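Residues 10 to 534 in my numbering are what the sequence shown lists, from first letter to last. Think of the CB as a built atom: it goes at the ideal place given N, C-alpha and C, for glycine as much as any other residue. Source: prediction; values computed, not measured. Here's the structure we're looking at; comments come further down.
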Amino acid sequence: MAQDHKKGVAGATLIISSFTLMSRILGFARDILIASFLGTSNVADAFFVAFRIPNLFRRLLGEGALSAAFIPVFTQYHLKNSRDKAQEFLNSAFSFFLLTLTLLLILGELFTPWLVKATAPGFSRLPEKMALTVALTRITFPYIFFMGLAILTMALLNALKHFAIPAFSPVLLNISMITALVVGYKTGNVVFALAWGVFVGGVLQLTLQIATMFQKGWKLKPTFRILHPGVLETVVLMLPSVLGLAINQINAFVDTILASLLPPGSVSYLYYANRLVQFPLGLFGIALGTAILPTLSQHQTLEDREAFRETFTFGLSLVLFITLPALVWLLIFATPTISTLFQRAAFTWQAAQATGKALFCYALGLGAFATVKVVVPVFYAQKDTKTPVKVAIATLIVNIMLNLILMVPLKHAGLALATSLASAFNLTVLLILLERRRQGPSWKAFLKATSRNLPALALLTAGSFIYLRLAPFHPQTTTLRKALWIAGALLQGGSLYLLGAWMAKSQELKVLWETLLGKTGVKDG
């Protein structure tokens, strides 16, 4: 693969990761403010339900489903036909989703009370709480409309390899909600201000995407031709992806049910551990999966099989170069990390140890979790959204079986381990299917690149154990001291890994470094 393609994928990953980190930090600050102003009151419950309803839709569409369907279809029209044909398809897609989202918005506003009852049936016993939730939901529900259109424009910009603005978009929601909290606190009506913050956040995200799209020379012109062949193909491709995301939700739901059968605290242990392992996964795995799909779609459309294979191979080696050190570090420092972040007040050292066990087991699967995010776009780029869903269904069954086997001897840690093993099964099956189609990566190049980075991992591992030996962790000390201890562990681990990779002349490190210096193939500006 040409070096500019490598830099393009790496550069896009860095852009998406940077803004994802910014969004996560602001989201954490937002949650702290909400907790400070609303606590765990009935008012807080009402808002969380009102926010969860439109946010569920965003998750089903925004976490890959629409992009997975739209990007390959748009790329085909853009590269194999003409810009005019691509614009025609875009106009039809916009009109289709505009009509669909408008109908959804009208129905949602009309049937809000029933929607709230279905989401939070227990609120019916408290008329005031129910009335407040309905009122808040009527304010937040239009977020579905704005975000639905915003997600379409984000998919367009990603297809054109303009990643910065779509990646920055979630930051606007957090800024809007934080601003609303401050204004609401000063005016004495926090919860309604917060609901309007969600509404405005949706408007801001859509406005920014459309403005950027116009700047790039693309327009949104409503048309009566909503049943364009490309639109129908997009919808058909999108449905399996939505089903796949629903299966993931079912998987998490099953884990929660089984955890509730274990000793008290098990659900919480898994929740906190999963939240932590999702951080590097979202920062790197999902970011790389988002970055690589447009390039794979381009190669597929141009029928450049060699470039497709090399892009896939580089994606695999890059995701492991980034996630394996995080995996090793979390395995070694699982419990100290949990203690530093959560151990205070009702969250005891015993709870930190129990959560640390869950984090250890989740961390074992981090490599598989992240690699799946790179493998699935290989199917999507070929307009195959059904195969990953079929494998996801099989993975769900395997996960349930492993849960039932491991939860007895290992308790909550067994459920976390089952998730990691099931993800490894998912990855293995997907790779086997690609090999049978002769669409797998170049294993020789992949193993050469990955083996070159193993000494760096060994250096990180040795250094981390020495750090633990020379500076033992003290769980009962102050939060500040624990935070400094964790910072030291991160600094020494990261430095040793980068040093080892540099000494081994890692190609992934070289590409990332050149990208950071601005020598990137990303067309984002």
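Burial state of residue i, where buried means 16 or more other Cβ atoms lie within 10 Å
i	result
E137	exposed
T243	buried
D40	exposed
F56	buried
G291	buried
G534	Its pLDDT being 41, under 50, G534 is placed unreliably in this model, and the value from its coordinates should be taken loosely. G534 should be labelled exposed.
W511	exposed
S515	buried
K532	In this prediction, K532 has a pLDDT of 49, which is less than 50 and means its spatial position is unreliable; nothing more can be read from the coordinates.
T529	Low confidence applies here, because T529 scores a pLDDT of 47, under 50, leaving its location unreliable; read the following figure in that light. It counts as buried.
M10	Confidence at M10 is low in this model, with a pLDDT of 46, below 50, so its placement is unreliable and no value can be given for it.
A557	The first residue shown for the chain is 10 and the last is 534, placing residue 557 beyond what the model contains.
R318	buried
T196	exposed
H237	buried
L270	exposed
T320	buried
K366	buried
Cβ separation of residue i and residue j, assumed to be a contact under 8 Å, to the nearest whole Å
i	j	result
W494	A480	7 Å
Y476	T428	The Cβ separation is near 29 Å, so there is no contact.
T332	P303	With a Cβ gap of about 21 Å, T332 and P303 do not count as contacting.
Y278	T364	5 Å
A335	L368	That pair is no contact at about 12 Å.
P81	Q309	7 Å
K170	L297	That pair is no contact at about 14 Å.
F155	L215	5 Å
F66	I153	5 Å
G559	S185	Residue 559 falls outside the range modelled here, since the chain spans only 10 to 534, and no answer is possible.
Opening and closing residue of the alpha helix (DSSP H) in which residue i lies
i	result
E97	92 to 119
F208	199 to 224
A159	152 to 168
P418	395 to 419
N183	173 to 196
A510	488 to 512
A355	A355 -> no alpha helix (DSSP H), and no H or E assigned at all.
W522	516 to 525
I148	136 to 149
F378	375 to 390
Top-ranked residue by Cα proximity to residue i, from the options
i	options	result
K453	T111, F323, K382	F323
F351	G274, T488, I235, K225	T488
L180	L124, P81, I34, L254	Note on residue identity: the sequence assigns Val, not Leu, to residue 180. Per the Cα distances, I34.
A300	R134, P249, A390	A390
A53	T146, I219, Q85, L112	T146
M230	L217, T265, L107, P151	It should be noted that the sequence gives Lys, not Met, for residue 230. Comparing Cα-Cα distances from K230 to each of L217, T265, L107, P151, the minimum goes to L107.
L507	I414, N462, W123, S45	N462
F455	A168, L430, F330	F330
V199	L375, P272, I43, Q214	I43
A102	G206, S326, L75, V240	V240
M410	M247, P130, N260, I25	N260
Report task. Starting from the N-terminal side, write out each stretch of the alpha helix (DSSP H) that is 4 residues or longer and does not extend beyond the segment 249 to 297. Result -> 275 to 289
Query - Unbroken stretches of the alpha helix (DSSP H), 4 residues or longer, contained in the segment 55 to 85 - result: 74 to 85
**Report entry** Segments assigned alpha helix (DSSP H), at least 4 residues, entirely inside the segment 437 to 466
**Finding:** 452 to 461
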